[in-house]
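Take the sequence shown: its position 112, counted from the start at 1, is 111 in numbering that gives the first Met the number 0, and no numbers get skipped.
Where is the CB? At the ideal position from N, CA and C, for every residue including glycine.
To keep things clear, I will list the structure first and then write my remarks on it.
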Amino acid sequence: MTEHGSGLIEVRNMGVVFGENDNQVVAVKDVDLNVQPGEFVSLIGPSGCGKSTLLSIVAGFVKPSSGEARLDNVPITKPGAERGVVFQQYSLFPWLTVRKNVEFGLKMAGADADKRNITARELLDLAGLLAFENHYPDQLSGGMKQRIGIVRALATSPQVLLMDEPFGALDTQTRVVMQEILTNIWQQFRISVLFITHDIEESIFLSDRIYVMTARPGRIKAEIKVPLPRPRTADMTDTPEFMQLVQELKGLIREESLAAMGPEIKSRGLSGFGMEVGPKGVNQIF
Ligand code: ADP
0 MTEHGSGLIE
10 VRNMGVVFGE
20 NDNQVVAVKD
30 VDLNVQPGEF
40 VSLIGPSGCG
50 KSTLLSIVAG
60 FVKPSSGEAR
70 LDNVPITKPG
80 AERGVVFQQY
90 SLFPWLTVRK
100 NVEFGLKMAG
110 ADADKRNITA
120 RELLDLAGLL
130 AFENHYPDQL
140 SGGMKQRIGI
150 VRALATSPQV
160 LLMDEPFGAL
170 DTQTRVVMQE
180 ILTNIWQQFR
190 ISVLFITHDI
200 EESIFLSDRI
210 YVMTARPGRI
220 KAEIKVPLPR
230 PRTADMTDTP
240 EFMQLVQELK
250 GLIREESLAA
260 MGPEIKSRGL
270 SGFGMEVGPK
280 GVNQIF
């Protein structure tokens with residue numbers, strides 16, 4: 000919990016339609032979900048099922064066609080400092096140093112120079128990046144940039160963190176390390192997180208709960224609790240409990256991934272096209 004509020008996110012009866020008349024796309028339909036204060040919740044589903052749209056609504060960037068999103072019982076109508084957002088693209092300011100990037104939100108919020116400096120340095124230390132405070136983003140690796148993106152989003156003490164495929168552009172090894180770093184940071188801040196991914200293992204490793212979405216129009220197909228203990232460690236991914244969850248999620252998502260590819264693939268199956276689901280399963284096909 001933060002000093003501002005509890006961080007309860009509620010999405011109720013949400014529908015989103017893009018375009019008009021013949022060009023209408025029903026992106027999201029009848030979605031109900033919630034993130035309890037301090038909970039880590041992932042949204043997983045095939046490409047195009049409306050995950051980013053839902054997150055953008057909670058961020059206040061997009062207005063729903065029906066239903067509503069609330070934060071601590073207050074309807075969300077616009078972006079706000081109590082909601083930190085991290086995107087797949089690093090979106091750092093290239094002309095600012097690492098520390099100035101982290102300080103940016105605090106500056107906008109009117110914090111004085113000392114407060115900005117202390118907060119930014121504490122957060123950079125937490126993310127193992129203090130030694131790079133005077134570097135520019137171009138001088139850093141993708142994993143480092145994304146760590147800065149996370150601490151920048153945390154600098155203004157948001158109640159919730161909204162993350163849209165934040166590790167999607169990183170190589171597998173960096174991604175795994177980033178997942179551990181994120182769980183450590185989250186463990187310390189205990190703010191509510193809504194996390195979008197299409198990586199099954201990632202969603203299990205990070206989350207308390209996972210919502211699985213259907214192919215478009217996106218609905219909630221299933222809600223899976225992740226009973227693994229905290230803190231999460233990399234060796235947990237080899238446990239039978241973890242493997243069982245992977246299988247359960249694969250089963251749920253495979254059908255939706257096929258549906259998202261269209262009726263022909265659905266009826267023939269992947270093997271009808273000379274394709275097989277690989278060793279990593281359906282997370283290779285969407
Ligand atoms: P996901 O994040 O699950 O891949 P998105 O939320 O990005 O899915 O998109 C859901 C659907 O809505 C897609 O079919 C996408 O093309 C469509 N869509 C998203 N944003 C817009 C927009 N601004 N205008 C029209 N269609 C959109």
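When DSSP assignments are scanned along the segment 101 to 184, the uninterrupted stretches of alpha helix (DSSP H) that are 4 or more residues long and fall wholly within it turn out to be 112 to 125 and 141 to 153. For the 8 angstroms CB-CB criterion, I252 and G44 form a contact.
Burial is judged here by how many other beta carbons sit within 10 angstroms of a residue's own beta carbon; R151 has at least 16 and is buried.
Residue nearest to C48 within the set K28, G37 and R98 is K28 (criterion: CA-CA distance).
The three-state reading of DSSP puts S41 in strand, counting E and B together. Leaving aside the five residues that flank S206 on each side, the residues in its chain whose CB is nearer than 8 angstroms to its CB run, in chain order, F39, V40, S41, F194 and V225. Distance between Q246 and H134, taken at the CA atoms: about 43 angstroms. Of the residues assessed, E102 falls on the buried side of the cut-off, its CB having 16 or more other CB atoms within 10 angstroms. Residue state for K77 is assigned as coil, using DSSP reduced to three classes. Only residues of its own chain outside the window of five on either side were considered, and among them A119 and E132 have a CB closer than 6 angstroms to the CB of R98, listed in chain order.
Going by DSSP, A259 is part of the alpha helix (DSSP H) stretching over P239 to A259. Our two residues, M107 and D71, have alpha carbons roughly 23 angstroms apart in a direct line.
E255 counts as buried, since at least 16 other C-beta atoms from the protein chains shown sit within 10 angstroms of its C-beta.
For E67, no alpha helix (DSSP H) run applies; the uninterrupted beta strand (DSSP E) run containing it begins and ends at S65 to L70, by DSSP.
Annotated three-state conformation of S55 is helix, per DSSP. Secondary structure of S206 (DSSP, three-state): coil.
Residue side-chain check: T213 keeps its Cβ at 7 angstroms or more from all non-hydrogen atoms of the ligand ADP. Residue burial annotation: P216 is buried, with at least 16 other C-beta atoms found within 10 angstroms of its C-beta. Boundaries cannot be given for S46, as no beta strand (DSSP E) includes it and DSSP labels it neither H nor E.
The beta carbon of D31 sits closer than 7 angstroms to the beta carbons of V10, R11, N12 and I219 from its chain, once the five residues preceding and following it are set aside; these are given in chain order. D31: member of the beta strand (DSSP E) spanning V24 to V34, first to last residue. Following the DSSP letters along the chain, one finds M235 in no beta strand (DSSP E), marked with neither H nor E.
For the options F92, N33 and L181, the alpha carbon positioned closest to that of R231 is the one of L181. In this structure, V85 sits near L160, with a CB-CB distance shorter than 8 angstroms. The distance from the Cβ of I147 to that of L128 is about 7 angstroms, consistent with a contact at the 8 angstroms cut-off. For M242, the number of other beta carbons within 10 angstroms of its own is below 16, and it is reported as exposed. Taking 8 angstroms as the cut-off, the beta carbon of L248 is found closer than this to the beta carbon of V211.
Residue pairing by DSSP places E9 opposite N33 and R69 in a beta bridge.
The closest CA to that of M177, considering only Q145, E67, E240 and G83, is found on Q145. A distance criterion of 7 angstroms places the beta-carbon of S51 in contact range of the ligand ADP, judged by its closest non-hydrogen atom.
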